[in-house]
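To start, the structure itself, in structure tokens.
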Amino acid sequence: MASPSSFFFVLVLILELITATVGSPTCRSIVASDTDRIQFALNLEFLEAEFFLHGALGKGLNDIDPNLAMGGPPPIGAQKATLDYTTSQIIAEFGYEEVGHLRAITATVGGVPRPLYNLSTQNFANIFDNAVGYKLDPPFNPYLNTVNFLLASYIIPYVGLVGYVGTIPNLANYTSKALVASLLGVEAGQDAVIRSLLYERANEIVSPYGITVANFTIDLSNMRNSLAMCGNKDEGLIVPLDLGAENRTDSNILSANVDSLSFARTPQEILRIIYGTGTEYKPGGFLPDGGNGKIAQGFLNNNA
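One point on numbering: in this note's numbering, the residue at position 102 of the sequence shown is 91, and numbering is uninterrupted.
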């Protein structure tokens, strides 16, 4: 007969195998339809569209294609940024690309109303304060200049990118997979351009804070990892060699794992980050009233 200690050892091994298989409840994938998963992405696509369009053009979705908003409210505090010519052209293009994404998603699986977004300087100031661990003086203003806007932009497309990477393996039909793969391609390109523009300035001191561009990106990435609560899936522009590509470079223009594969996040992780609350049940940050669609609303309703 097996001893109690042997039985306990086997039980521990079984529990470890189960945990390794299904993952931590905090990081586990959810059960959802293709439509719900793709509509969830609209929460990020609307955010990007409004931030990029307002930043480059001083106007948003209501001026470009108001029908796509489906009656949802315009964002709070969005404004035109002071950008150099090249950056302005790039960001305007990104904004128009997001309009196309909204149209493609809506045409394929149907849309959801645009949720309320907080794109105010105060919201961005709070995000940057949380990232560095203290109140910046003066408060960070994303619309003040090109470097500030690029740092603020660093926050957004990457979250959509890892969300799409996490979505594709859970999709059931070809049409869904084809759509999200195409969306992912452009989101990854946007993120790469933003990171490249920032890398050119990596050692530049962001005035008047005495913090380099690279260190800001490290702080922002660390904050997102902390909020998401599912390990290291986000890295700044400069990394230790043991995190660089093949352990041979400290540059990190593309954030990726040990095999240079993109990280993936679940909808819960995405909400924890864009809410800025570290929980999918409590809205805030960019989405003061919470996200739209069955997945986001489901978490809010479960917390009611």
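We treat Cβ as the ideally placed atom computed from N, Cα and C, and that holds for glycine.
Note down, in chain order, each residue of its chain lying with its Cβ closer than 6 Å to the Cβ of G155, except the 5 sequence neighbours on either side.
For the purposes of this step, residue 155 is taken as residue 166 along the sequence shown, with counting starting at 1. So the list reads A253, R254 and T255, once near-sequence residues are dropped.
Leaving out the 5 sequence neighbours to the left and right, which residues in its chain are closer than 6 Å to A167 when beta-carbon positions are compared?
Counting from one through the sequence shown, the residue named residue 167 turns up at place 178. Nothing listed; no residue qualifies.
Can you give me the start and stop residues for the alpha helix (DSSP H) that A181 sits inside?
By 1-based counting over the sequence shown, the position of residue 181 is 192. Y163 to Y188 is the span of the alpha helix (DSSP H), which, as asked, contains A181.
Applying the criterion that 16 or more other CB atoms from any shown protein chain within 10 Å of the CB defines a buried residue, is D126 buried or exposed?
Start at 1 with the first residue of the sequence shown, and residue 126 comes out as number 137. So D126 ends up on the exposed side.
State the beta-bridge partners of N107 as determined by DSSP.
Position 118 of the sequence shown, counted from the first residue, corresponds to residue 107. Looking at the DSSP assignment, N107 forms a beta bridge with I65.
Can you find the residues in the same chain that come closer than 7 Å, C-beta to C-beta, to T164, ignoring five residues on each side of it along the sequence?
Walking along the sequence shown from the start, residue 164 turns up at place 175. So the list reads T97, once near-sequence residues are dropped.
If we call anything under 9 Å between Cβ atoms a contact, is Y132 one with A70?
Sequence index remark: in the sequence shown, residue 132 carries index 143 (1-based). Sequence index remark: in the sequence shown, residue 70 carries index 81 (1-based). Yes; because the gap between Cβ atoms is below 9 Å, this pair is in contact.
Enumerate, from N- to C-terminal direction, the unbroken alpha helix (DSSP H) stretches of 4 or more residues contained entirely within the stretch 5 to 54.
As far as the stretch 5 to 54 is concerned, its whole alpha helix (DSSP H) runs of at least 4 residues are 23 to 29, 31 to 46 and 50 to 53.
Examine the Cβ distances between the stretch 61 to 68 and the stretch 200 to 208 and report whether three or more of them are shorter than 8 Å.
With the cut-off at 8 Å, the stretch 61 to 68 and the stretch 200 to 208 do not touch.
Could you please give me the residues that DSSP links to G273 through a beta bridge?
Start at 1 with the first residue of the sequence shown, and residue 273 comes out as number 284. Note: G273 sits in a beta bridge opposite L276.
Does DSSP classify I227 as helix, strand or coil?
Walking along the sequence shown from the start, residue 227 turns up at place 238. Note: I227 maps to strand in three-state DSSP.
Note down the Cα distance separating G273 from R237, rounded to an integer number of angstroms.
Against the sequence shown, residue 273 aligns to sequence position 284. Against the sequence shown, residue 237 aligns to sequence position 248. About 39 Å.
Please list the terminal residues of the continuous alpha helix (DSSP H) segment that includes F205.
As a working note, residue 205 is residue 216 in the sequence shown. Its alpha helix (DSSP H) spans residues V202 to A217.
From T268 to L186, what distance separates their C-alpha atoms?
The residue given as residue 268 occupies position 279 in the sequence shown. The residue given as residue 186 occupies position 197 in the sequence shown. T268 and L186: Cα-Cα distance of roughly 31 Å.
Using DSSP with H/G/I as helix, E/B as strand and the rest coil, what is F(-2)?
Taking the sequence shown and counting its residues from 1, the one referred to as residue -2 is at position 9. Unreliable positioning characterises F(-2) in this predicted model, as indicated by a pLDDT of 37, which lies under 50. A coordinate reading is not provided.
In the DSSP assignment, what are the bridge partners of V195?
In the sequence shown, counting from the first residue as 1, residue 195 sits at position 206. In the DSSP output, where bridge partners are listed per residue, V195 has I200.
Can you give me the start and stop residues for the alpha helix (DSSP H) that S244 sits inside?
Looking up residue 244 in the sequence shown gives position 255. No alpha helix (DSSP H) contains S244, which DSSP labels as neither H nor E.
Would you call the stretch 23 to 43 in contact with the stretch 79 to 93, where contact means no fewer than 3 C-beta pairs closer than 8 Å?
Cβ pair count under 8 Å is three or more, so yes.
Counting along the chain, where does the alpha helix (DSSP H) carrying F138 start and finish?
As a first step, residue 138 must be located in the sequence shown, where it is residue number 149. Here the alpha helix (DSSP H) through F138 covers T135 to Y143.
In the DSSP assignment, find the alpha helix (DSSP H) that holds P131 and state where it starts and stops.
As a position in the sequence shown, residue 131 is number 142, starting the count at 1. Element bounds for P131: n/a, residue is neither H nor E.
First and last residue of the alpha helix (DSSP H) that includes T95?
Position 106 of the sequence shown, counted from the start, is the residue given in the question as residue 95. Segment Y74 to V98, the alpha helix (DSSP H) holding T95.
Assuming contact is defined by CB atoms lying nearer than 9 Å, are V234 and I262 in contact in what I supplied?
For the purposes of this step, residue 234 is taken as the residue at position 245 of the sequence shown. For the purposes of this step, residue 262 is taken as the residue at position 273 of the sequence shown. In the sequence on display, residue 234 carries Ala and not Val. Against a cut-off of 9 Å, the Cβ pair of I262 and A234 comes out as no contact.
If you run the structure through DSSP and keep just helix, strand and coil, what is I284?
As a working note, residue 284 is residue 295 in the sequence shown. Three-state DSSP puts I284 in a helix.
Hey, quick one: how far does the alpha helix (DSSP H) through T156 stretch, first residue to last?
Taking the sequence shown and counting its residues from 1, one reaches residue 156 at position 167. Here the alpha helix (DSSP H) through T156 covers P146 to T156.
Roughly how many angstroms lie between the CA atoms of G47 and Q68, to the nearest whole one?
Here residue 47 refers to the residue found at position 58 of the sequence shown. Here residue 68 refers to the residue found at position 79 of the sequence shown. Roughly 6 Å between the two C-alpha positions.
Keeping to the same chain, check which residues put their C-beta closer than 8 Å to that of E193; ignore five residues upstream and five downstream.
Walking along the sequence shown from the start, residue 193 turns up at place 204. Once the five neighbours on either side are set aside, the close Cβ partners of E193 are V136, T201 and V202.
Let's see if you can read the secondary structure: which residues bound the alpha helix (DSSP H) around P256?
The residue given as residue 256 occupies position 267 in the sequence shown. P256 to Y264 is the extent of the alpha helix (DSSP H) around P256.
Grouping DSSP H, G and I as helix and E and B as strand, with all else coil, what is L289?
Stepping through the sequence shown from its first residue, residue 289 is reached at position 300. L289: helix per DSSP, three-state reduction.
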